[in-house]
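Residue numbers (this note's numbering): 11 to 406.
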Amino acid sequence: MAVPFERKPAGRRRSAPYGRRVPVRPAVISAVLMVAVLAGGLTVVGTYAIAGALQWSLLVVGLLMIGSIAVRYRLPRVFAVVAVLGPLVSPVATYLPLVGVFVIATRRRAVETLLVLALAVGTAAITLYRDAPDGATALVLLGGAVAFQGISATAGLLTGIRRAMVDDLRERLARAEADRAVREEQARADERRRIAGEMHDRLGHRLSLLSVHAGALALRGDLPASTVRETARVLRDTTHRAMEDLRTIVQVLHEPTGDVPDEIEDLGAVEELVAEARAVGADVRLRSTALLTVCPPGRPLAGVVHRVVREGLTNAARHAPGTRVEVALDGRPGRDLTVTVTSGESAAGTTPEGAGTGLVGLRERVETLAGGTLTHGPTPSGHQLRAVLPWREETR
């Protein structure tokens with residue numbers, strides 16, 4: 011909310027207000043003001059008995075003062091002083107103080123406005139008592155001048171308040187537009203991360219299996235025909251499943267707020283992951299407590315467990331092929347479910363470029379279960395991926 015008068019901040023120079031926002035047609039408004047002030051001034055001059063040469067000189071001086079209206083917003087203080095003192099020099103500028111008081115009042119500076127207003131009233135008193143026929147007439151005219159100056163100051167103040175409110179509205183709209191642009195950019199970035207995460211989670215595992223199968227065929231040229239046929243069948247089935255996953259992702263991404271459905275109902279999907287890895291020759295062992303068989307977790311806990319195991323098997327196939335992988339599940343309802351995937355040491359001894367992309371998305375998935383934590387790192391015998399997930403009764 012705009013206040014009547016604005017306090018100037020200390021140590022900060024403020025540029026001439028509204029210098030960039032002069033009314034839509036400033037030349038037209040300036041011309042109208044000049045004509046109006048000049049017409050009133052010439053009417054006043056007609057009542058004076060002044061010699062011709064002096065009359066013309068006063069007219070020229072008055073016209074120059076009136077012409078200063080054109081720079082009223084560029085040099086408001088200078089214009090205000092010239093305007094209120096104008097009637098002392100030339101009667102042509104008799105009504106110019108009204109414009110000066112109005113302009114300085116639009117700045118909403120209390121000290122400036124009161125000083126200029128007092129100066130305008132003083133100028134009016136001097137000129138009226140100098141030119142009026144008697145003191146009573148001068149007093150009446152002075153009262154009218156004070157009233158008009160007050161009206162001019164009030165109009166200028168209201169105009170300044172309106173301008174401040176318009177400026178504030180423009181700034182708010184600009185900030186809202188900037189915030190909207192930031193939100194849109196953030197939404198696009200989140201969507202790109204979501205797409206990348208889903209592509210990695212859904213297709214990364216399948217493609218890793220394809221790579222292992224293809225590598226086995228390329229390295230072993232002495233494989234019997236039955237083994238080659240079986241490997242080709244596995245390649246075909248894995249490719250078919252990868253295409254189904256890709257089709258699901260593409261279908262969901264066509265929806266503005268779509269999400270890839272989590273089809274994992276129980277831990278049976280984890281056993282399928284282990285079976286797929288074993289089918290390609292991986293040495294994978296699954297160890298779980300008997301309680302998980304009697305009382306298996308349901309959604310969404312089972313889906314997160316599936317993602318952790320899938321990420322662990324995928325990383326093992328990529329970075330430590332041929333090593334033993336152990337998958338351990340341990341926990342009970344009302345406490346925590348711990349998922350551990352341990353693999354042997356990578357033959358290359360280094361992590362390929364781009365590794366860790368899936369772990370970022372996996373960590374987000376784990377943290378969706380309040381209290382879930384994910385850790386990973388080297389061990390004396392290789393590498394371990396470990397997730398501790400809260401197993402509440404309602405997640406069964």
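We put the CB at the ideal spot given by N, CA and C, even for glycine.
>> Quick check on the burial criterion: 16 or more other C-beta atoms within 10 angstroms. Buried or exposed for Q159?
In response: Here the question's residue 159 lines up with position 149 in the sequence shown. Using a 10 angstroms sphere on the CB of Q159, the tally of other CB atoms reaches 16 or more, which defines it as buried.
Tell me the residue span of the beta strand (DSSP E) that contains D340. Here residue 340 refers to the residue found at position 330 of the sequence shown. Where D340 is concerned, the enclosing beta strand (DSSP E) stretches over V335 to G341.
TODO: Tell me whether T299 counts as near the ligand MG, meaning its Cβ is closer than 7 Å to at least one heavy atom of that ligand.
DONE: Ligands are entirely absent from the displayed structure, and the ligand MG is therefore not among its contents.
Checklist entry - By how many angstroms is the C-alpha of R172 removed from the C-alpha of A3? => result Coverage of the chain is limited to positions 11 through 406, which leaves residue 3 absent and any answer about it impossible.
| Between the segment 383-399 and the segment 329-348, do three or more beta carbon pairs fall short of 8 Å? | Judged by Cβ distances under 8 Å, the segment 383-399 makes contact with the segment 329-348, as three or more pairs qualify.
Quiz item: Taking V88 as the reference, which of S221, Y105 and V113 has the closest Cα?
Solution: Your numbering for residue 88 matches position 78 in the sequence shown. It is V113 whose Cα lies nearest to the Cα of V88.
Contact check, V284 vs V238, beta carbons under 8 Å: Taking the sequence shown and counting its residues from 1, one reaches residue 284 at position 274. Taking the sequence shown and counting its residues from 1, one reaches residue 238 at position 228. The answer is no: Cβ separation not under 8 Å.
* Asked: Can you give the Cα-Cα distance for L384 and R373, rounded to whole angstroms?
  -> Working through the sequence shown from its first residue, we reach residue 384 at position 374. Working through the sequence shown from its first residue, we reach residue 373 at position 363. Straight through space, the alpha carbons of R373 and L384 are spaced by roughly 6 Å.
Anyone know if the C-beta pair for S142 and L129 falls short of 8 Å?
Residue mapping note: residue 142 aligns to position 132 of the sequence shown, counting from 1. Residue mapping note: residue 129 aligns to position 119 of the sequence shown, counting from 1. In the sequence as presented, Ser is not what sits at residue 142; that position holds Ala. Not in contact: A142 and L129 (Cβ atoms no closer than 8 Å).
Q.
Less than 8 Å between the C-beta atoms of G368 and T333, yes or no?
A. Indexing the sequence shown from 1 puts residue 368 at position 358. Indexing the sequence shown from 1 puts residue 333 at position 323. Not in contact: G368 and T333 (Cβ atoms no closer than 8 Å).
Cα-Cα separation, P388 to T352:
Locating residue 388 in the sequence shown gives position 378, counting from the first residue. Locating residue 352 in the sequence shown gives position 342, counting from the first residue. Rounded to the nearest whole angstrom, the CA to CA distance from P388 to T352 is 9 Å.
ask   = For the putative contact between N354 and A330, defined by C-beta atoms under 8 Å, what is the C-beta separation to the nearest angstrom?
value = Taking the sequence shown and counting its residues from 1, one reaches residue 354 at position 344. Taking the sequence shown and counting its residues from 1, one reaches residue 330 at position 320. Note that residue 354 is Gly in the sequence shown, not Asn. Rounded, the Cβ-Cβ distance is 5 Å, consistent with contact.
Supposed contact pair A163 and T123 - C-beta distance, whole angstroms, cut 8 Å
As a working mapping, residue 123 is identified with position 113 in the sequence shown. As a working mapping, residue 163 is identified with position 153 in the sequence shown. Approximately 6 Å separates the beta-carbon atoms of T123 and A163; this is inside 8 Å, confirming the contact.
| Hey, quick one: how far does the alpha helix (DSSP H) through R110 stretch, first residue to last? | Along the sequence shown, read from residue 1 onward, the residue named residue 110 stands at position 100. Here residue 110 is Gly; the residue named in the question, Arg, does not match the sequence. For G110, the enclosing alpha helix (DSSP H) starts and ends at L106 to A115.
Cβ distance (whole Å) where T147 is taken to contact L98 below 8 Å:
Position 137 of the sequence shown, counting from 1, holds the residue named residue 147. Position 88 of the sequence shown, counting from 1, holds the residue named residue 98. Going by Cβ atoms, the distance from T147 to L98 rounds to 19 Å, so no, they are not a contact pair.
Just checking my contact of A115 with G153 at CB under 8 Å: how many whole Å lie between their CB atoms?
Within the sequence shown, numbered from 1, the residue matching residue 115 stands at position 105. Within the sequence shown, numbered from 1, the residue matching residue 153 stands at position 143. Going by Cβ atoms, the distance from A115 to G153 rounds to 20 Å, so no, they are not a contact pair.
Could you pull the DSSP bridge partners for V349 from this structure? If you number the sequence shown from 1, residue 349 lands on position 339. In DSSP, V349 forms a bridge with L339 and A397.
* Got a sec? Which residues, its chain only, sit under 7 Å from A380 by beta carbon, not counting five neighbours each side? -> Here residue 380 corresponds to residue number 370 of the sequence shown, with the count starting at 1. Only residues of its own chain outside the window of five on either side were considered, and among them P400 have a CB closer than 7 Å to the CB of A380, listed in chain order.
Practice prompt. Using the Cα positions of R402 and P307, report the straight-line distance between them to the nearest angstrom.
Written response: Here residue 402 refers to the residue found at position 392 of the sequence shown. Here residue 307 refers to the residue found at position 297 of the sequence shown. Their Cα atoms are separated by approximately 9 Å.
Give me the Cβ distance between L277 and V318, rounded to the nearest whole Å; I'm assuming they're in contact under 8 Å. For the purposes of this step, residue 277 is identified with residue 267 of the sequence shown, where counting begins at 1. For the purposes of this step, residue 318 is identified with residue 308 of the sequence shown, where counting begins at 1. Cβ-Cβ separation between L277 and V318: approximately 12 Å, too far for a contact (criterion under 8 Å).
Helix, strand or coil for G392, going by three-state DSSP, please let me know. Taking the sequence shown and counting its residues from 1, one reaches residue 392 at position 382. In this structure, DSSP gives G392 an extended state, which the three-state scheme calls strand.
>> Let's see if you can read the secondary structure: which residues bound the beta strand (DSSP E) around V294?
In response: Stepping through the sequence shown from its first residue, residue 294 is reached at position 284. Where V294 is concerned, the enclosing beta strand (DSSP E) stretches over V294 to S298.
### Pairwise C-alpha distance: E321 and M253
Residue numbering aside, residue 253 sits at position 243 when the sequence shown is read from its first letter. Residue numbering aside, residue 321 sits at position 311 when the sequence shown is read from its first letter. Between M253 and E321, the alpha-carbon positions lie close to 19 Å from each other.
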